Structures are given as C-alpha cells and as structure tokens.
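Chemist: First residue of the first sequence: 93, per the working numbering; consecutive thereafter.
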Amino acid sequence: MDILENLNPQQYQAVTVGSGAVLVLAGPGSGKTRVLTRRIAYLINALGVPPYRILAVTFTNKAARQMQERVTAMISEPLRSLEGIWLGTFHAMCARLLRREHERLPYRSNFVILDEGEQESVIKRALKELNLNDKLYRPSSVLAAISNAKNALLLPADYPRQNYRDEVVARVYERYSQILLNSNALDFDDLLLWAVKLLRENPDVQEKYARRFLHVLVDEFQDTNQAQYELLKLLSAAHGNLFVVGDEDQSIYRWRGADYRNVLRFEQDFPHAQKILLEQNYRSTQTVLDAARAVIDRNAHRTPKFLFSDRGRGERIVFYEAVDDYGEAAYVVDTIQQWLVSGRARGSDFAVMYRTNAQSRLLEEAFLRARLPYRLVGAQRFYGRREVKDVLAYLRLAQNPLDEVSLLRVINVPPRGIGDKTLVNLQLVAQHNGVSPGQVLLDLGRKGEESPYWEAFKGRSVLTLADFGALIAGWQELVAAGAPLPVLFDRILADVGYQRYVDDQSEEGLDRWENVQELRRLAYENQERTLAEFLEGIALVSDQDTLNESTDAPTLLTLHAAKGLEFSQVFITGLDEGLLPHSRSRDDPEAMAEERRLFYVGLTRAKDRLYLVRAAQRSSFGAPEYTEASRFLDDIPDELLKREGVRLGRAMPGTGLRGVWASALRWESAPQKSSPAVVPVTTFRPTQRVRHPTYGEGIVLESRIEDGEELVDVHFESVGFKRLVASMARLERVERQGNGMSGGAG
DNA sequence: GCGTTACATATTTTT
DNA sequence: TATGTAACGC
93 MDILENLNPQ QYQAVTVGSG AVLVLAGPGS GKTRVLTRRI AYLINALGVP PYRILAVTFT
153 NKAARQMQER VTAMISEPLR SLEGIWLGTF HAMCARLLRR EHERLPYRSN FVILDEGEQE
213 SVIKRALKEL NLNDKLYRPS SVLAAISNAK NALLLPADYP RQNYRDEVVA RVYERYSQIL
273 LNSNALDFDD LLLWAVKLLR ENPDVQEKYA RRFLHVLVDE FQDTNQAQYE LLKLLSAAHG
333 NLFVVGDEDQ SIYRWRGADY RNVLRFEQDF PHAQKILLEQ NYRSTQTVLD AARAVIDRNA
393 HRTPKFLFSD RGRGERIVFY EAVDDYGEAA YVVDTIQQWL VSGRARGSDF AVMYRTNAQS
453 RLLEEAFLRA RLPYRLVGAQ RFYGRREVKD VLAYLRLAQN PLDEVSLLRV INVPPRGIGD
513 KTLVNLQLVA QHNGVSPGQV LLDLGRKGEE SPYWEAFKGR SVLTLADFGA LIAGWQELVA
573 AGAPLPVLFD RILADVGYQR YVDDQSEEGL DRWENVQELR RLAYENQERT LAEFLEGIAL
633 VSDQDTLNES TDAPTLLTLH AAKGLEFSQV FITGLDEGLL PHSRSRDDPE AMAEERRLFY
693 VGLTRAKDRL YLVRAAQRSS FGAPEYTEAS RFLDDIPDEL LKREGVRLGR AMPGTGLRGV
753 WASALRWESA PQKSSPAVVP VTTFRPTQRV RHPTYGEGIV LESRIEDGEE LVDVHFESVG
813 FKRLVASMAR LERVERQGNG MSGGAG
C-alpha cells in the first residue's frame, strides 16, 4: 500500500512534515491514527529511519498494539519488521527504562508495580503507623493528593505545606514512599516520576536515550500530565523531533493529572512548532457533528475547530426519556433487538455508553433477559477479583520477597495461624534488624532454629512463620532455577492449599476457582516469558485492553473507555443531572467543562445514529429518586432531535406522585417506522389503573414482553413501585372515569 | 486466632 | 448495592 495514498492535504502535510516540533490538532474522526501510523511508516520507508531510532507513545496497550500492526503492514522490503522500535504506553516505556537503568536508582530491577488497591492499603498502613485518623484523612483522598504531587514532580520534601492538612499529607507521603522503597515496589505515578528523575539527574543516561531517539511521536497528547510532558522533552532533547497529536476537546483525564494546557505549553516551549489542524471528519453524519459542536462550543479556552463531513445530514438524533432506569435499559435493548431482528444491523454496530460503571448493571440484566449477547469493557475486572489478586500476590512474593504489600496480603491467606499479634511481632523484629519482614521469614524458613531471628519470637508463632518462610524460599529457588511459569503456579497453589480454600463447592466458590484456573491458563500461554515480564504485563493492562473485538455483539462501556472508538449506532444513557454532568463536578467549573468534553467524546463516537437516553426516575441505591434532564441536552438544537418515549418537564423534585403521573403519559411512542420488527402485544398499557389482591390499586407505568412473559411495572398506592409478571400476579384492570390523580404517596 | 454478624459507609472516570 | 470493618463469641 502506498503510504501517501488517500490523504487529504492536511493529513499529507502531517505525514510528510520535516523535522522539528509538530503539533497536530485532530478533531474526532479526522484520521488521527491514520496520520500517526503513516508518519511512522513514512519515516522508515521514505526517510530510511531505522525503527530502533523511533519512540512512539500511546496511553493504552490497545492503541499501541493497533499502531504496531498497522505500521508493520506498511513497512516495505527489505525491512518488514519494526524490530527495535519503542512503541508502547507511557507506563510500559518507563518500566522498561527503569529496569534497564536500575543501578542508577534505589530499586532493584525486579521491582513490582502496585495497583490502586495496593496503593491504598499502603496508605492505610502509613496512616496507622503515624497514628492518624483514617476518617479524617481518607485513604483515597490522601492517595489522590500524593498522586497529584507525583504528577507534578513533587517529592515528599517539596510538598507544599500551606496548612495542617498539607503537613499531614506530606508526612504520609514520606512514609508511603519509604514503605514502597523498602518493598522494592513502584506505583503507576512512580514509573513516570522516577523516569524523569533518572534522566534529569543522570545527564549521561539522558543523552544516551535522547541521542538514540531521532523521532518521538505521541498520541493523545492532551492527556499527558506534567511528568509525561517533561519526559517527552527530555527524550527528544537531542534532535528536537517531537511530533504530538491531540485534541483539547477530548481531554477527559484531568482528575488523573492530565493537563490539556500542555497543548498551549507546547506552543510556548516550541515557538517554531508547526501546527496542523485536521478538521475534516470521516466518521459521522453532519447531524452528529452539529450536535457535538453545539455542545463543545460552550467551553472556553479552546482552539475553535470547524468539523465538517461529506457524509450528508443523516438521521436525526433520537432523544428518549424513560420512566425509570429499568425502562431506560429496556428501551436500549428493545431498540437494538428490533434492529437485529430486522437484519439491518449487526451486534457490533452498537455501543451503549454511560458515565459510571455502576450503570452497566441494569443494562446487563436487560441484555441477559432478552438473551442478547453483549460485551463489556472494564468494570469488575478479572484482575480485581480477590482470588486473582491473592494468587498474583503469591507470584509477586516469589519474584520479590521484599514486597511487603503482597506479603501482608497473603501471609494469612488461607488462614495459617498468623494473626495480628504475630504479625506485629514480625514487623518489629524486622525493623529492629533493619531488614524487611520477608527477609526475616526467608531466614527462618531456611535456617530454622539456627536463624538469629528465631529467639526473638516466643511460643509456637515462630513455627508457623518458619513454615511459611520455607514455602517462599522454595518458590524463590524455583524462580531462580528458571522454572516455567505454570510449574511455579501449580507449586504455589499446592503448597498453600488454595483450591481447598476458595472452592467450598458453593456456586461462588466454583466461580472463584474458575478464575484461578483462568489465570493459570494465562500463565500457561505466557510460559515463554519470565515471571517478571508476566507480572508487569498484568500490572499494566487496562480495561480498554480487555475488549474482545472478534465478538459480534453490542459493547457496553463508560464514556471514558469509549475514547478512540467508533460505532455505527451509539446510545448515551443516563443523561440526567448528577450523573452527566456528575454531581461531583457541580461546583468546579473546570470539572464541569470536562464533563462536557466527556459528553462530546461520546457524541462523536457515532457514525450513523445517535440515541440520547435518560430516566425520569432512577435509584442510585436504595430509594428511587426523580431526576432532572442533563443541562447538556439544552444545548443541542431542537431541529436535530427526534423525541421518543415519555415527556417530562424539567425538575419535579419533591412533587410526589406528580412525577410518576407525568412520566406515565406517553407523548410520542410510535415504533420506529424504519424498523419492521414486531411490536409485542401487551395486555396492560401505561396509565391504566389496576388492582392487585395484596397491593390494592395502582397505575401501570410500563408494560412489555420479555421471554414471552408480560412484565408490568406498576406504581401502587400502598407499596409504591412493583414489577410484576402479568401471568402470575392476579392483576385486574380497573375501569374508571375521571383522572386518578388523587391518592397515593410519593 | 478465627469466624460470624451487624453496622456503617460510601459510590467517577483508570494507566 | 456491596463492601469493609468493628465487635463479639468461640
């Protein structure tokens, strides 16, 4: 394939631009990935740049993998390979750098990478050690503060102390860092922070890499944080060929330290940078783009862009207001099903997006009920499962016995008689001798009574400790002897009796054991790799990476996870105040602007059809609540919208039944004309009054057929909302004149 | 030291 | 809801 084929003038310019700093501002669907991959291929094929002199950075493994595949396909003979190129995520690149140069760092090359849960447990430990109240200083908020500091390249000593709380956070930060150092462990932020430190403090190292990388290319530049930007500057310093692609309007990771103003800084730092705007959109209909533009134009401080498409106006955007969150999920699934039945669309054409992961549950249930397969990105991730984390902790312990986090996690899992007392003792002994608890254990395990630590323990506790230490010692020997991953895996499970522990023959136990088996399968597939590589691969996978592209089914995913993807038909659900925009962003204009960008990202994922869905009533947990329509909906011009479903006024909080009544009045509910699918026949209709032998009288909110059963949602005067199966519940119609507005509680 | 239970408590997005 | 933790009894 010709690398320069099928490029518009701006894309062509970006692909072939000469040396120096280049900023490509690429609107959604403007061929950003195409530009990036062709640029790399162009450098190699046309300019003869050897792949090993190229550094290309992405945010997700998936993006990296995709880029790798596409570029490889374009590389011409005689090379045909990208051997030597550094193409990966920021974090993977840093991990690689740090392992290579570990002698310049206070870490060993076999350091482990902590995930967020582990970070939090270290914070909790630090708080406890410092006698701080974890109610007052929430681990999550302290962690966020520390993370922000690291993103801004601030070490504990540099942490700004403006008030007492800062002082406390600084002290926790200090202790936290010590624990990590002693554990030979790094968190995600450390990977970046230490990489920058390494390059800054070792000019020879910096020069080595900066000279090597003739070209540095970056995807999603608007999502970089300070540390990442600094790293890019350090690595491109020698040749100055820094090629970044991004879009301020798609910056949605502010909470993680990303700062879209890096785009502005870039222009200041490289005043001669070439700036290229990609504005032609190849993805969406003009209707979708118009709506997206109307939404994003309300944000200040951005480079105005004029996205245009030659795909024509396309269909109007459907706006559906459901009675409640069940109705919302049902609408989504019904609509998709009708398309599928009609044969005019396939499963993978659809995506259902939401703000928070919790929203996926009702949707999943609806899909399950309809017996429609779906694929889910992220959420209760496999690697987050307790049993999986346990086994991984064992593996990490085998690789790095200094890892206190993992040690503390599994030292008494399954229960082996090492309780709080013994644990505190162990830590004391370790501290006294200036070693880590893991080392004490190992020594006890290896030498038994000969160990100098033996006497420090009293009673039989030392026996249990020594037993466990002997296990770890055994695993370590296996690792040192280069035993294959599955062998080590099985040995560990057998040694600790893990199956007996998780699989209690209950359904849940079976499920857990399944997960362990799944992990073992993974180890088997990766048996060519070292334990360290295996663990690092797992530590750095993201949810987005778990998307299985081969399944032909609708995708359920958060708006964040949707970035970079596209679908023929997109549902954005939960368009309620408090959810999108999220309530936590309410009082912060910057956060609110980001909510808007998030919505913008969702809108621009759609190629052909867009459905905006919300629920008039939603239960976050416990009690259902009335919701207000998202303010963002107001910004979409009416002529782009086609309303369906019930119609509600804005905001009827505290008006009791009125909300329910209003929501039960169908405003327009004609089935989509374009869809020949069968409209199920129901016995009950919304607004109809019914009587139930136990609950008394109520009003039908919604009725639909699922799996051949008619499901009726009723609001009873006595008990409120109930979902009934029509054939089971002895529901009677109540024929009555007049408006039923009286009676009932809200 | 272990296991059960009651109770509280918090819920955004993730490399 | 679902998860964690504090308290209790064994």
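For every residue, glycine included, the Cβ atom is placed at its ideal position computed from N, Cα and C.
Bear in mind the structure is a predicted one, so any value in this text is a computation, not a measurement.
What first and last residue would you give for the beta strand (DSSP E) that runs through W605?
Modeler: W605 -> not in any beta strand (DSSP E); alpha helix (DSSP H) instead, spanning E599 to E617.
Chemist: Using the C-alpha atoms, what's the distance from P231 back to A837?
Modeler: The predicted model places A837 with a pLDDT of 30, which falls under 50 and marks its position as unreliable; any figure quoted below should be read in that light. Approximately 41 Å, taken between the alpha carbons.
Chemist: The alpha helix (DSSP H) that contains Q103, what's its start and end?
Modeler: Looking at the DSSP string, the run of the alpha helix (DSSP H) that includes Q103 is P101 to T108.
Chemist: Would you say A414 and V705 are within 8 Å of each other, going by their C-beta atoms?
Modeler: Cβ distance < 8 Å, so A414 and V705 count as in contact.
Chemist: Candidates S122, L570, R701 and W431: which alpha carbon is nearest A383's?
Modeler: Of the listed residues, the one whose Cα sits closest to A383 is R701.
Chemist: If the criterion is Cβ atoms closer than 8 Å, does the pair I791 and R777 meet it?
Modeler: It is not a contact, given that the beta carbons lie outside the stated cut-off.
Chemist: My output table needs one value for S440: the three-state DSSP class, helix, strand or coil.
Modeler: Looking at S440 - three-state DSSP - the assignment turns out to be helix.
Chemist: What residue range is occupied by the uninterrupted alpha helix (DSSP H) comprising I238?
Modeler: It spans P231 to N243 - the alpha helix (DSSP H) in which I238 sits, taken as one unbroken run.
Chemist: I'd like the ranges of any beta strand (DSSP E) spanning at least 3 consecutive residues and lying wholly in the segment 666-722.
Modeler: Complete beta strand (DSSP E) runs here, min 3: 698-711 and 716-718.
Chemist: What number of angstroms, rounded off, separates the C-alpha of V410 from the C-alpha of P578?
Modeler: Approximately 52 Å, taken between the alpha carbons.
Chemist: Measure the beta-carbon distance from Y352 to Q314 and round it to whole angstroms, keeping in mind my assumption that it falls under 8 Å.
Modeler: About 4 Å separates the two Cβ atoms, so the contact holds.
Chemist: Is the beta carbon of V594 closer than 8 Å to that of R604?
Modeler: In this structure, V594 lies closer than 8 Å to R604 by Cβ.
Chemist: Can you list, in chain order, the residues of its chain whose CB lies under 6 Å from that of D644, leaving out five sequence neighbours each side?
Modeler: Answer for D644: R438, G439 and S440, listed in chain order.
Chemist: Which residue from G656, H674 and T377 puts its Cα closest to that of T152?
Modeler: Looking at the Cα atoms, G656 is the closest of the given residues.
Chemist: Helix or strand or just coil, what does DSSP make of V123?
Modeler: Strictly speaking, residue 123 in this sequence is Gly, with Val absent from that position. The answer is coil: DSSP assigns G123 none of H, G, I, E or B.
Chemist: Can you name the start and end residues of the alpha helix (DSSP H) that K154 belongs to?
Modeler: Here the alpha helix (DSSP H) through K154 covers N153 to M166.
Chemist: Is the beta carbon of G349 closer than 8 Å to that of S239?
Modeler: Cβ atoms of S239 and G349: closer than 8 Å.
Chemist: Look at L672 and F691 and say whether their C-beta atoms are less than 8 Å apart.
Modeler: Yes; because the gap between Cβ atoms is below 8 Å, this pair is in contact.
Chemist: Name the residue from D587, Q568, N517 and N525 whose alpha carbon lies nearest to the alpha carbon of V554.
Modeler: Selected option, being the one with the closest Cα: N517.
Chemist: Run through the DSSP bridge pairs and tell me what A148 is partnered with.
Modeler: Partner(s): L179 and L309.
Chemist: Measure the CB-CB distance between A236 and Y251 and report whether it falls below 8 Å.
Modeler: No.
Chemist: If you follow the alpha helix (DSSP H) that S376 is part of, which residue opens it and which one closes it?
Modeler: Careful: S376 lies outside any alpha helix (DSSP H) and carries neither H nor E.
Chemist: Tell me which same chain residues have a C-beta within less than 7 Å of the C-beta of A821, skipping the five on either side of it?
Modeler: Around A821: H784.
Chemist: Considering S173, what are the terminal residues of the beta strand (DSSP E) in which it resides?
Modeler: Premise fails: S173 is in no beta strand (DSSP E) and is neither H nor E.
Chemist: Is the segment 120-137 in contact with the segment 364-375, if contact means three or more CB pairs nearer than 8 Å?
Modeler: A contact exists between the segment 120-137 and the segment 364-375.
Chemist: Taking its Cβ as the centre, do 16 or more other Cβ atoms sit within 10 Å of H307, making it buried, or is it exposed?
Modeler: Flag for H307 reads buried.
Chemist: Determine the burial state of L740: buried for a count of at least 16 other Cβ atoms within 10 Å of its Cβ, exposed for fewer.
Modeler: Summary for L740: the model assigns pLDDT 48, below 50, so the residue's position carries little reliability; its value from the coordinates is reported in the next sentence. Counting Cβ neighbours within 10 Å, L740 comes out buried, since at least 16 surround it.
Chemist: Could you please give the first and the last residue of the uninterrupted alpha helix (DSSP H) stretch that includes A262?
Modeler: From DSSP, the alpha helix (DSSP H) with A262 extends over Y256 to N274.
Chemist: With a CB to CB cut of under 6 Å and the five nearest residues on each side skipped, what residues in its chain are close to L432?
Modeler: So the list is empty, once near-sequence residues are dropped.
Chemist: Where do the ends of the alpha helix (DSSP H) carrying E457 lie?
Modeler: Taken as a continuous stretch (DSSP letters only), the alpha helix (DSSP H) holding E457 covers S452 to R461.
Chemist: What separation, rounded to the nearest whole angstrom, lies between the Cα atoms of R621 and L309?
Modeler: R621 and L309: Cα-Cα distance of roughly 28 Å.
Chemist: Determine which residues share a DSSP beta bridge with Y446 and list them.
Modeler: In the DSSP output, where bridge partners are listed per residue, Y446 has T650.
Chemist: Using C-beta distances below 8 Å, list every residue in its chain close to E457, excluding the 5 sequence neighbours before and after it, in chain order.
Modeler: Closer than 8 Å at the Cβ level, and outside the excluded window around E457, lie A421.
Chemist: Buried or exposed: where does S111 fall if 16 or more other Cβ atoms within 10 Å of its Cβ makes it buried?
Modeler: Result: exposed.
Chemist: Using CA atoms only, rank isn't needed, just tell me which of A187, Q661, N100 and Y486 is closest to Q568.
Modeler: Closest option to Q568, Cα to Cα, is Y486.
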